Every structure is written in structure tokens, then in C-alpha cells.
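Working notes for the structure below.
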Amino acid sequence: MVRPGARRIPLSRLARRSGRLLAVLAALGGPAVLAATPAQAGTYDVWSCRTPTGTPAATTGWAPGRNGADIDRLADGCATGGPLVAGLTAALTHTQGTASQVFQAPEGATIVGYELWRSLSASGLLGLSGYQASISTSAGTVETCDGGLLGCGIGSAGDPLGGGNRITASNVSLSRVQLTAACARAACASAGTAAAEARLHRAKLILREDVAPAVTAAGGSLQSGVTLNAPASLTLQVADGGAGVALAGLNVDGSPVAVQTAPGCAQPFTAPQPCPRTARFDFTLDPATLAAGAHQVSVSVADAAGNITTHGPLTVTKPGATDGGTTAGAPVIDVQAQAVAGGRQRLTGTVRTAAGTPLADATVELSAKRDASGSQPTIGLGTARSAADGRFTSRVVPAGAYVVTATVRGSTTAASLRVRSTLALGAKASPSRLRRGGRTTLSGRVTGIGDRASGARVAIQTVIGKRWRTIANVTADRAGRFRWRHRFTKVTRPTVFSFRAVVAKRSGWPWSTVTGQRLRVRVSPR
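FYI, in mature numbering (1 follows the signal peptide of the UniProt record, and there is no 0) the residues of the sequence shown are -41 to -1, 1 to 485.
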């Protein structure tokens, strides 16, 4: 078992030890704890074949593979109580090759520990068998059962969850864990019922993921500066490209008010990305539950690994009974954004009296600041006038990422909203068929982000060793266009190369990672 790092918060440490993040959060009033904690890296457990209680579990993170083996056995019996198998079936002879089952860490995550319940066997035939069954990782071989003269066995298939089948590792940094059955010679001979088998009866993979979830949009009437004369709503759109969005908690003055769990995110986890990549959370705050005066409101969002992002704090006020009607009579405003063509946004909202009656002919002043670190200039977006039903509509907000503020003229009533257009990434490779010595150009465009397109960093990736690796970085121009050229000089046989473009989330960049489609280039040696 991997011991928690020294910087882990108590809540996450308890969650990892019990394997029940969501249950612990609910039991401890999770939002209060979350609100006090900055974002940080965390770990989460992925179970395969059996859960901690021994019930059948999926093997979602495992993929079969073969390399030259002519008679293999790649089987998944976990759903019915059996093992996950990588094997070579009995035959008089086999040609050199392997059959494998591989757990690959998802992009952005690392395997930092594991517990495996396994059994291995390989047949022997007077020293001529050449069969092996093994457990390995991206760091090398963990153990090998070599058939040799009389055959071998490690662990017991008849006692799948017995202590003798359990092996562990901690404080490691791996990209994969693999079961392999191999014929290690040019030809292998077998007289047994199974030439070689590596069996997995249960696995617990501990994954580390470093990126906190991102709040991609926020709306509703619960905004900083609002006077709460009626229940106010807050809607958050959240994205996480690693472990997935787990939950969100609403806090008032550091105390929990409500916690919501993302749909489909339940323990024990059996998939490398166990929770949804995006989730929406809707909270309502009733001023009847608050004392008169100012309050600090925040929402903390956690992913399945325990990484945390906090939205807020927002300062809101509940009018006092002795205000003489002045504060209680202030108008109430809410503002939302609606996507329109070209990645732009249009602002809509409602102005009401303190009693909740629509306020007609109110002038709403609209402004925006670029959503970026440091001091940003204010951009005027004009004004809008509320209709008889209190509703107003603004002109179109340019593509980009902004913090928009709507203020009722003649009052201090205001509402703020983060507005982000949708980033899109398109690319193509030309030519896509060429000979050795030829060049291909990967070109494309980043769109939907307005003036942020200039200087956008685009990573060019290719598949190396079954994983996507960055091989170049280019910068987009003012129109969002980018290009990268490559000459193929070391091609000795017909080969298909895979490329893609990626705009990754980074500090000060308000969008989540966006990945372009896979591009294939076929290269002939002559």
C-alpha cells in the first residue's frame, strides 16, 4: 500500500485509506473541509477483476496484446469469478512470441503503487520448452516463471485471493503493468495442458493525477455583491481531464451547506478515468437560513483523486430588519451567458425589486475584464434596458475568456459572471502519403478564443511506444493558425505514423486541454 504524501490533507488521507472518498466527504461535511484546502495532487485506487470485498469487478483498464504468438489464450473470466488470463495454449510446438494483458495509465496519470493477486505457470519438456510467464512494468520485469526442465508455478490458481498470490509495490512511477505468456525461443515445445499462463485474480492500481478540476462556466443570481432578498441560485460547469469530476460542496462562512456528487462517480473505482470528464452542479442559497449582514460563499470542487479547485469566495449580504427599507429595497439582478455563432456569447438576465417583482426600464451597465492573472483593463460592453418582465439582453460579447459584470444604474447592485467561448482545434497533414526523404506539413487553426489565439501554444504529438509523446511545440499566429514540418529519413519499411495537435491547459490559460483528431501519414521506403 502506498503511504500518503506528507502534504495530503486529513480528509484525502482518510479517503485513500478507506477507498471511499465520497462516503468520507459526506460523513465529515466535506464542503467545509474542501473550502479550507488549496488545490494539490492526489491519488485514487482502480480495482480490477475483484473489488476489496471479493465481488466481481470490471477489467476496464486492461487491454490484450499479442506479438508473433501463433496459438494464444487471451481470456477475461472476471465477470464470472475467474481470472484475467494471458496465455499460450497447449501445442506440440509454438513459434517465438508473446501474449499479454496490459494496464496502461491514462494520459496525465502515473501508477505509483499496486497490489496484485496473481498466479503463474509454465510447462517444461526436458529443458526444451522455452516457455515463460511473467509480471512486468514499464520499469522492467517483476518476476518470471521459467518452464525449464520440469516446468514451474508461482502462486496458486486454486486459491485466487490467498496471501501467497499477493505482490505489492509502493513509491514507484510507472506507465504500465503487464501480464505476459511467452515462447522465448525460436520454437518451443509443450506437452502440458497449458504451455504458459499469467493469471490476474485481483488488482489494485494506485494512480497519481496532478491536475485539479477547472470551473469552466459559472452563472446564476448568486454572485459577489448581491443582496439576498430571495433564494439565489449558482450553477457551475466543471471539467477534469484526469480522474474525472467527483463532487462539489457549497460553503457559507466556512460551514457546509450542501454537497452534490457527480453522476456515475461511485466507489470502488474500476476504470482508469472513473468519474465524468464534465459535470454540472446547481446550488440554491435561501437567505432565510442566514443571519443579517455580510457572508462569504464559496464552492469547492474535487476530482476522484482529491485535487481541489475553489470557486469564490463571493461576498453576499442579507438585509437587516432595521435597514429602514433602504438595503431591503435595493434591486436584485442576475445574469447568464448564451452561446451564439463564432464562439461568442450573449448576456441575458433579469432585474427585480427586493420583493421579487420584475423591474421594467432599468438600465443595466455591462463591462468585462479579461479572465487572466494580474490587473486587467475594463472593457465597456454598453448598456441594456429591462423589459416589462424585467428581462434584458446584451449585445454579443466577443470570443474569449472574460469576467463580465452587470450593474443596475443608480444602485450598487451588481452581478458577475465568468464567460468563456468554446476553444476548437482543427488540423490536417499534407501530404498524407509520401516516400522516404519526403516532408509532410501538419497545419491547423485554433478558433473560438478571440485575441487569445495569438501566442496559443500547440504541442505536436506522435505515438512512441504505444503512448502519445510531444515531439515539437509551435505557436499560433493572430488568426490562430499554426504549422509544423517534418522530413522522414529513417524509414526502412512501409510505416503509418500517427500525429495529433494538442492545446494543453497551463497556468494563466483559462481553457481546459483540447486534443485534435488523429492524423495518419503513410511513408514508403521507396
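Virtual Cβ for every residue (Gly too), placed ideally from N, Cα, C.
These numbers were taken from a predicted model, which means no experiment stands behind them.
- For V211, the uninterrupted beta strand (DSSP E) segment begins and ends at V204 to V211.
- By the beta-carbon neighbour count (other beta carbons within 10 angstroms, threshold 16), G349 is buried.
- D410 carries a helical assignment under DSSP once its states are collapsed to helix, strand and coil.
- Between the alpha carbons of K277 and T474 lies a gap of roughly 45 Å.
- In terms of CA proximity to T342, V363 leads the group V363, P336, T100 and L206.
- For the beta strand (DSSP E) assignment, the uninterrupted runs of no fewer than 3 residues enclosed by the segment 49 to 101 are, from N- to C-terminal side, 52 to 63, 68 to 81 and 90 to 96.
- Judged by their CB atoms, R135 and V44 are not nearer to each other than the 8 Å cut-off.
- Rounded to the nearest whole angstrom, the C-alpha separation of R444 and F456 is 14 Å.
- The straight-line gap separating the alpha-carbon atoms of L181 and A374 is approximately 8 Å.
- With fewer than 16 other Cβ atoms inside 10 Å of its own Cβ, T371 counts as exposed.
- Runs of beta strand (DSSP E) with 3 or more residues, each lying fully within the segment 162 to 236, are found at 173 to 178, 191 to 198, 204 to 211 and 214 to 220, listed in chain order.
- Here Q55 really is in contact with G27; their C-beta atoms are around 6 Å apart, less than 8 Å.
- The count of Cβ pairs closer than 8 Å, one atom from the segment 61 to 74 and one from the segment 191 to 199, stays below three, leaving the stretches out of contact.
- For a cut-off of 8 Å, the C-beta gap from R428 to R485 is around 28 Å, too long to register as a contact.
- DSSP places C104 in the strand class (E or B) of the three-state scheme.
- Beta-bridge analysis with DSSP links R444 to T400.
- When DSSP assignments are scanned along the segment 271 to 354, the uninterrupted stretches of beta strand (DSSP E) that are 3 or more residues long and fall wholly within it turn out to be 291 to 298, 304 to 311, 322 to 329 and 337 to 344.
- Counting other Cβ atoms within 10 Å of its Cβ, G40 stays below 16 and is therefore classed as exposed.
- Excluding the 5 residues flanking it on each side, A141 has same chain C-beta neighbours closer than 6 Å at T57 and Q91, in chain order.
- The three-state secondary structure of T2, taken from DSSP, is strand.
- Considered as a whole, the segment 105 to 161 harbours 111 to 113, 125 to 133 and 135 to 148 as its complete beta strand (DSSP E) runs of no fewer than 3 residues, in chain order.
- The beta carbon of T52 sits closer than 6 Å to those of A146 and A148, all from its chain and outside the five residues before and after it, given in chain order.
- Here R236 is near G203, since their CB atoms are less than 8 Å apart.
- Bridge partners of T434 according to DSSP: R416.
- Only residues of its own chain outside the window of five on either side were considered, and among them A16 and P227 have a CB closer than 7 Å to the CB of T10, listed in chain order.
- Around the Cβ of T139, a 10 Å sphere holds 16 or more other Cβ atoms; the residue is buried.
- In this structure, R411 keeps its C-beta atom at 8 Å or more from the C-beta atom of G339.
- DSSP, reduced to helix, strand and coil, places A16 outside both helices and strands of the structure shown, so it counts as coil.
- The C-alpha of T366 is placed about 25 Å away from the C-alpha of I408.
- Our two residues, A263 and E168, have alpha carbons roughly 9 Å apart in a direct line.
- In this structure, DSSP gives A38 a helical state, which the three-state scheme calls helix.
- Below 8 Å, too few C-beta pairs join the segment 218 to 234 and the segment 453 to 469 to call them touching: fewer than three.
- Residue burial is scored here from C-beta neighbours: T434 has fewer than 16 other C-beta atoms within 10 angstroms and is therefore classed as exposed.
- With respect to S345, A319 sits close: the two C-beta atoms are nearer than 8 Å.
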